[in-house]
Every structure is written in C-alpha cells, then in structure tokens.
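See below for the structure under consideration.
Protein chains: 2
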Amino acid sequence: MSETTILSMEALTRRIEAVFRKGGLSPQHASALARVIAAGERDGCKSHGVFRVEGCLRTIKAGKVSTDAEPTLHDDGSAVLRVAAGGAFSRAGFELGAPALAERAKQLGLAALVINDCTHFSALWPEVETLADMGVAALAMCPSYATVAPAGGTAALLGTNPLAFGWPRQGGHPYVFDFATSVAARGEIELHRRAGNPLPEGWALDSSGQPTTDPTEALAGAMLPFGSHKGSAISTMIELLAGVMIGDLTSQGALDFLGTTTLAPQHGELILAFSPERFAAGRPGDPFARAEIMFEAIAGQGARLPSQRRFKAREGSLADGIALTAAEIGQLDRLEAQGLDAVA
Amino acid sequence: MSETTILSMEALTRRIEAVFRKGGLSPQHASALARVIAAGERDGCKSHGVFRVEGCLRTIKAGKVSTDAEPTLHDDGSAVLRVAAGGAFSRAGFELGAPALAERAKQLGLAALVINDCTHFSALWPEVETLADMGVAALAMCPSYATVAPAGGTAALLGTNPLAFGWPRQGGHPYVFDFATSVAARGEIELHRRAGNPLPEGWALDSSGQPTTDPTEALAGAMLPFGSHKGSAISTMIELLAGVMIGDLTSQGALDFLGTTTLAPQHGELILAFSPERFAAGRPGDPFARAEIMFEAIAGQGARLPSQRRFKAREGSLADGIALTAAEIGQLDRLEAQGLDAVA
Numbered sequence: 001m002s003e004t005t006i007l008s009m010e011a012l013t014r015r016i017e018a019v020f021r022k023g024g025l026s027p028q029h030a031s032a033l034a035r036v037i038a039a040g041e042r043d044g045c046k047s048h049g050v051f052r053v054e055g056c057l058r059t060i061k062a063g064k065v066s067t068d069a070e071p072t073l074h075d076d077g078s079a080v081l082r083v084a085a086g087g088a089f090s091r092a093g094f095e096l097g098a099p100a101l102a103e104r105a106k107q108l109g110l111a112a113l114v115i116n117d118c119t120h121f122s123a124l125w126p127e128v129e130t131l132a133d134m135g136v137a138a139l140a141m142c143p144s145y146a147t148v149a150p151a152g153g154t155a156a157l158l159g160t161n162p163l164a165f166g167w168p169r170q171g172g173h174p175y176v177f178d179f180a181t182s183v184a185a186r187g188e189i190e191l192h193r194r195a196g197n198p199l200p201e202g203w204a205l206d207s208s209g210q211p212t213t214d215p216t217e218a219l220a221g222a223m224l225p226f227g228s229h230k231g232s233a234i235s236t237m238i239e240l241l242a243g244v245m246i247g248d249l250t251s252q253g254a255l256d257f258l259g260t261t262t263l264a265p266q267h268g269e270l271i272l273a274f275s276p277e278r279f280a281a282g283r284p285g286d287p288f289a290r291a292e293i294m295f296e297a298i299a300g301q302g303a304r305l306p307s308q309r310r311f312k313a314r315e316g317s318l319a320d321g322i323a324l325t326a327a328e329i330g331q332l333d334r335l336e337a338q339g340l341d342a343v344a
Numbered sequence: 001m002s003e004t005t006i007l008s009m010e011a012l013t014r015r016i017e018a019v020f021r022k023g024g025l026s027p028q029h030a031s032a033l034a035r036v037i038a039a040g041e042r043d044g045c046k047s048h049g050v051f052r053v054e055g056c057l058r059t060i061k062a063g064k065v066s067t068d069a070e071p072t073l074h075d076d077g078s079a080v081l082r083v084a085a086g087g088a089f090s091r092a093g094f095e096l097g098a099p100a101l102a103e104r105a106k107q108l109g110l111a112a113l114v115i116n117d118c119t120h121f122s123a124l125w126p127e128v129e130t131l132a133d134m135g136v137a138a139l140a141m142c143p144s145y146a147t148v149a150p151a152g153g154t155a156a157l158l159g160t161n162p163l164a165f166g167w168p169r170q171g172g173h174p175y176v177f178d179f180a181t182s183v184a185a186r187g188e189i190e191l192h193r194r195a196g197n198p199l200p201e202g203w204a205l206d207s208s209g210q211p212t213t214d215p216t217e218a219l220a221g222a223m224l225p226f227g228s229h230k231g232s233a234i235s236t237m238i239e240l241l242a243g244v245m246i247g248d249l250t251s252q253g254a255l256d257f258l259g260t261t262t263l264a265p266q267h268g269e270l271i272l273a274f275s276p277e278r279f280a281a282g283r284p285g286d287p288f289a290r291a292e293i294m295f296e297a298i299a300g301q302g303a304r305l306p307s308q309r310r311f312k313a314r315e316g317s318l319a320d321g322i323a324l325t326a327a328e329i330g331q332l333d334r335l336e337a338q339g340l341d342a343v344a
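Protein sequence lines correspond, in order, to chains A and B.
Following the UniProt record's numbering, the numbering of the first sequence begins with 1 at its first residue and continues without gaps.
Following the UniProt record's numbering, the numbering of the second sequence begins with 1 at its first residue and continues without gaps.
Right, here's the structure in full:
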C-alpha cells in the first residue's frame, strides 16, 4: 500500500472544496478556501495546508463564522476600499476586493483595502502575491488573538499579528515576506513541548509573567514579540491600524469573542497597495529594474531572499504533483463523508 | 564657573539658527534645521541634538547639499504628494508637505508624501509627531547608507533604515515609535569601542563577513539587522519603497554618492498618512478611544509605551530649560564665529 498519494493542484483543490461543501459552506466560500489551502500545501507550507481544514470546520460548527454571507465591495471613490465580509471567511472578500484595490492604486498611486468582519486563518502571502501579480507592491497586516505579551509586559495582549509584503518581479516570483511579529509561532512551542525540549531564551513568559523556557508553562503564559521592543511596537501598530482604525476587533477582542484559540480568529484586515510606476513617474530609473539590482546584491552575498523555499516547493508541486500522506488523505475522506459530525 | 548653561527652547533654536546662517544656509533651511535639532536636544535625544550641527556644516562644506534650494510641492490630485527638495536638507520640504499630506489623507482616507533629492540627518519622530498633531496616523521610512548586511549575508548593503509611526492621542503626546532597523546604532558600536567592551553577539560582522564581537572589526565590517531575517526583510522593504519606488537613492547608492558615512546621507523619504476617522467611518467604536484602551492595557502590565523617556525629558526641558555643557556651548560659539572654517 502506497504511503503517499500524489494529487494535482486542481485535484487537491476539488477534494478540499468538496469537504467544505459538505461542511455547509456556500460554493463561493468553499471554492475560495479550497484554493488558498491547496496553495499552502502546494508551497510546502504545511501549517497553512490541509492541516487547516479541520479548524475551519470546527469554526463553522461552533457557529463563529457565516457559511454563506456574500462579501460586498464599498467604494466611495477615495483611496480606501472596503469589503464587508459579513462574518464569513476572508478569502472571498479578498478575491472581490483585490482587483479593485490594484486598479485604485494604479489610479491614485496608493490605495488601501479594508476587509471588515471576516474570519481569517490563512497566511498573508497569497494576498500580497496576488496583488504583486497585478503589478502593485502590497503591505498586508491583521491582528490575531491575544497570545503575545508586549515587550516589558507580563501577559498576553497582542496577537501574533502577521505582516506581509510583496513586490512585483517581472518574469519570476515576486519578492515576498510574510511573518508573525511574535518571536516564534505557537505551533513551534507546541513542537518543543512534544519533543520534550526546552525553548530558547526570550521566546515566552509563564502565567505569572516571568521568562520561561518550559514549553508547557509558555503555552499557559504568553509568547514574546520578535526583536524585543521594536517588534512589540510593530505589533502594536498592527493592532491600531488593522484593528481599531478600521473599526474591527483587536487581538484581545477576538479572543474575548471566541473564548478560545482553537477556532479561526474573527477580525479585520488592512492591505495597502502601491503603484511603483506612479511613485517613480518622472524620476530617474525604472523601479523594477532597480529592485532587481538590489535582489541580486542580496543573493550575491549568499543571503536568501524570503519565500525562496516556498517557491521551490511550488515548482516541485506543479511539476510532480502534491504528495499527501495516507493520514492526510484519510482525514479528507472522513471529513468529506461525515462533514461537521467529524469534528469536535 | 558654571558647568552647564540653561537655554530656553526658543533661545537654543536661535543660537543654532545663527550657526547655520553663518554656515551659509538660507533663512528657510537654517530655521527648519535649527528647530528640529533643538527639538532633539529638548527631548534628551543627544544623538539628534546639538551634536548634529557640525555634521550638517561638514556636509555643506563638502558641497554635498544645497544651501538654498526652495522645496516645491507637486500635487496632481492623487494620493501621492511629492516634494522636490532640490538637493537641500529635508526639513523645509517636510514642513512644506506635511499640512498638504494631512489634508489629503483626510480627504482620501490615505495619502503619501514623497520627498525627493533631500539630505536627511534627523530622526523621523519629529515628522510622525507633527502629522499626529494634525490628526492623522503616520508611517515614515527612509534608506540611509550601506552599513548593514542582510540577514545571512556577509557585507554592508542595507542602511540602518529607520521606521517611525505615530498615532494621535487627544490631550497627550501621540503614540510614537522610531527605530533603526539595525540591531544597534553605529554610535553604540563606537561607544563599545571607546570603552574597550566587546559587543553582544549578533550585532555585527567583520570585514570578511564573519560574526564578530570586536567593535573595531565591526566598524570595518557590517552591522546586522534587528530581529534576524524579519528585520532584514523590513529593511529591504524600506529600500524598495523609500528608495527605488520613489526614484531616489538606495543606501548603497547614497554611500556611493558620498563616499563616506561622515556626511549626512542624501536620498528620499516616504511618509504615509492615514485618517482614522475616515477608516473607522460607519464602524462601531471611536478609534481614538479604542486605542486608549490598548495603551492602558500595555502600560497597565508595566510595559513602557515607546518614546516615554523622550516625552518626560521634553516636559523637563519646557519647564526648566535645556542644559548644555560648557563644551557644547563652546562648540556653538566656535561654529558661529568661524562658520565652515571651523569644520574639517
């Protein structure tokens, strides 16, 4: 019996879509979610791949996400476009808003897309990549739930608050970074716990607010921001811009709303888009060509550009298919057969 | 004989202005520079205070900055305003562009100010604070000169590339952060060298690209970004957005242009402004009131909000005056008497 099953990107997307249809999602949402989860799996990004399907179903079963709200785009002609997600998953809202955002950025030089009242579980790189493919640079951010203490603090207040950026590159993958503003992901702490390994210094506090290297204590306490007070300041900025400024939940608000970190967080999202052509107009040099010189200088000294491992995995997946383990296939089978009955 | 001289903010500003007039700056630039340098001194921010005067004069003497170019504002009605600084110091250009930026942000929700062809030596907090006082949140960034290696690299390519953010707070100082994206400032490495102390691990590389804790080796090599690959990615983004995208010099370009890090760097600057009222319109909650809840939660667990030490120093300076040492007063006397002849 084969240990792994190889699926094409399209076949994997259809399988996940079928699971979500069985779980009660409308065709629009089932399709949007399936595509982004398959993209995570395709890119070797297991933490945002098939692994996420069950969490989405759990969030549906808990009644914490709308299964069929149709996102609506509100455009007052300004630099700020708004998608009302109506409590549904964010992806369909992003797909609705992204082309309008790119167009507005090309028209005004700079524009923002706000997604309100969405449940967001995916990475941000699919969003900045989509926008880079449309020819604009993009900066995306959102709160999460309160699991990270501010630098110098003692208790969880901030989220892992991801920040992602994309810059278009002609004839290749865009320059993309996407990272949590916590020093480590919660999943990494869990992996240390399972392996019985202590955490590196500086990752976490225990429940009394003291530094700890014990993963169990850390899971009951709080994570720490990356880069000490600098990362903490950036994470706070994300709460302000992509939480309070857009009139959506902060990480503390999202945790209060859900009462748990085992469901996908509800909040909003802020995406800025920049038209390099518009910004560079009338100035010397082509911005895309000048950016390549910088990328070559970085790579030329042996430093890795971000996302290269993901792009390499993608190329492999598109050439050879995506390998799922027997356990992963079994889980999809079970979820497709039983729907929400299969999740706790 | 008194060890220190106490000056009012106004008197200190006038003294510095007189030095710059003697050094050949036009009244507009002498006044703009004097005010921002006095503000640094007022805030106890010695590295951006009177200490900077001589470096500005050195840059003038080297012919690397225009002494009298009048900044001009270019407004095509889009979300991107542009100030052509004409090779002069950036401050007069910022002062010209800031009110227009805040107004455009209030009109469109979001706007950007590009300052091109400027020489920039000041901190970014005066800029985001000015904008916060005008009621908008602001995010400012600029390249510097190549003194920082990308994470995983071996040689200087990025600048110390500061990132600053301001959020308006009613009835108090704004929420402000402003930091270099290098793990430490170059001045801190110099202080370790003078004190004969080794550097902490992770601050720097030597000239062969190997990690070093020797400050002298570090000064001949490269600094490292804060937060490892995350800070490196943010610093690269600043090169892209505030260098190549706006058609101005990258940190490598600035170093090539000057041939030294002892003069103030020439490049451009990018400032984004957000209108919280516009972003929050139609959404539940007042963004300013909600932000206060977050600030109170941070401070309530004993974590310091950024810039508090600076604000405290400012309150002391405004109440009691600004104390300069006999050496600092002597330097201002000498520079005012001899002008550019007093600098190397």
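Even for Gly, the Cβ is constructed at its ideal location relative to N, Cα and C.
Treat the numbers as computed from the prediction; the structure is a model and nothing was measured.
Backbone secondary structure at residue i - three-state DSSP
i: A/Asp333; result: helix
i: A/Leu249; result: coil
i: A/Ser182; result: strand
i: A/Phe274; result: strand
i: B/Glu41; result: helix
i: B/His192; result: helix
i: A/Arg267; result: In the sequence under discussion, the amino acid at residue 267 of chain A is His, which differs from the Arg named in the question. If DSSP states are grouped into helix, strand and coil, A/His267 belongs with the strands.
i: B/Ser307; result: coil
i: A/Pro211; result: strand
i: B/Val19; result: helix
i: A/Val148; result: strand
i: A/Leu124; result: coil
i: A/Leu199; result: coil
Beta-carbon proximity check, residue i vs residue j, cutoff 7 Å
i: A/Val148; j: A/Leu163; result: no
i: A/Gly55; j: A/Ala264; result: yes
i: A/Glu129; j: A/Val176; result: yes
i: B/Thr13; j: B/Arg35; result: yes
i: A/Ile60; j: A/Gly93; result: no
i: B/Phe295; j: A/Met245; result: no
i: A/Ala180; j: A/Leu205; result: no
i: A/Ala138; j: A/Ile271; result: yes
i: A/Ala323; j: A/Thr4; result: yes
i: A/Pro143; j: A/Gly243; result: yes
Residue i classed as buried or exposed, judged by whether at least 16 other C-beta atoms fall within 10 angstroms
i: A/Ser47; result: exposed
i: A/Asp341; result: exposed
i: B/Met1; result: Legend: pLDDT at B/Met1 = 49, less than 50; position of this residue unreliable, no value from coordinates given.
i: B/Gln170; result: exposed
i: A/Gly63; result: exposed
i: A/Lys312; result: exposed
i: A/Ile6; result: exposed
i: A/Gly282; result: exposed
i: A/Pro200; result: exposed
i: A/Leu258; result: buried
i: B/Pro287; result: buried
Selected residue, minimal CA-CA separation from residue i, among the options
i: A/Gly40; options: A/Ser275, A/Thr4, A/Glu127; result: A/Glu127
i: B/Thr154; options: A/Thr212, A/Ala303, A/Lys230, A/Gly268; result: A/Ala303
i: B/Val80; options: B/Ile60, B/Val65, B/Ala102, B/Lys61; result: B/Ala102
i: B/Gly209; options: B/Ala151, B/Thr72, B/Lys64, B/Arg310; result: B/Ala151
i: A/Leu110; options: A/Ser275, A/Gly166, A/Thr67; result: A/Ser275
i: A/Arg309; options: A/Asp178, A/Ala291, A/Glu292; result: A/Asp178
i: B/Gly135; options: B/Thr160, B/Thr119, B/Pro168; result: B/Pro168
i: B/Arg124; options: B/Gly97, B/Glu269, B/Ser235; result: In the sequence under discussion, the amino acid at residue 124 of chain B is Leu, which differs from the Arg named in the question. Answer by Cα proximity: B/Glu269.
i: A/Gly330; options: A/Gly187, A/Val53, A/Glu10, A/Asp206; result: A/Val53
i: B/Ser26; options: B/Val65, B/Met9, B/His120; result: B/Val65
i: B/Gln266; options: B/Ser90, B/Ala112, B/Thr181; result: B/Ser90
i: A/Gly166; options: A/His74, A/Leu113, A/Ala273; result: A/Ala273
i: B/Glu95; options: B/Leu113, B/Asp333, B/Leu108; result: B/Leu113
i: A/Ala184; options: A/Gly172, A/Asn197, A/Thr160; result: A/Thr160
i: B/Glu10; options: B/Lys22, B/Leu108, B/Ser31; result: B/Ser31
For residue i, the residue or residues it bridges with in DSSP
i: A/Pro225; result: A/Ser182
i: B/Ala84; result: B/Thr72, B/Asn116
i: A/Ser31; result: Bridge partners of A/Ser31: none, in fact.
i: B/Val53; result: Answer by DSSP bridge pairing: none, since B/Val53 is not bridged.
i: residue 392 of chain B; result: Look at the range of chain B in this structure, 1 to 344, and you will see that residue 392 of chain B is not part of it.
i: B/Tyr175; result: B/Trp167
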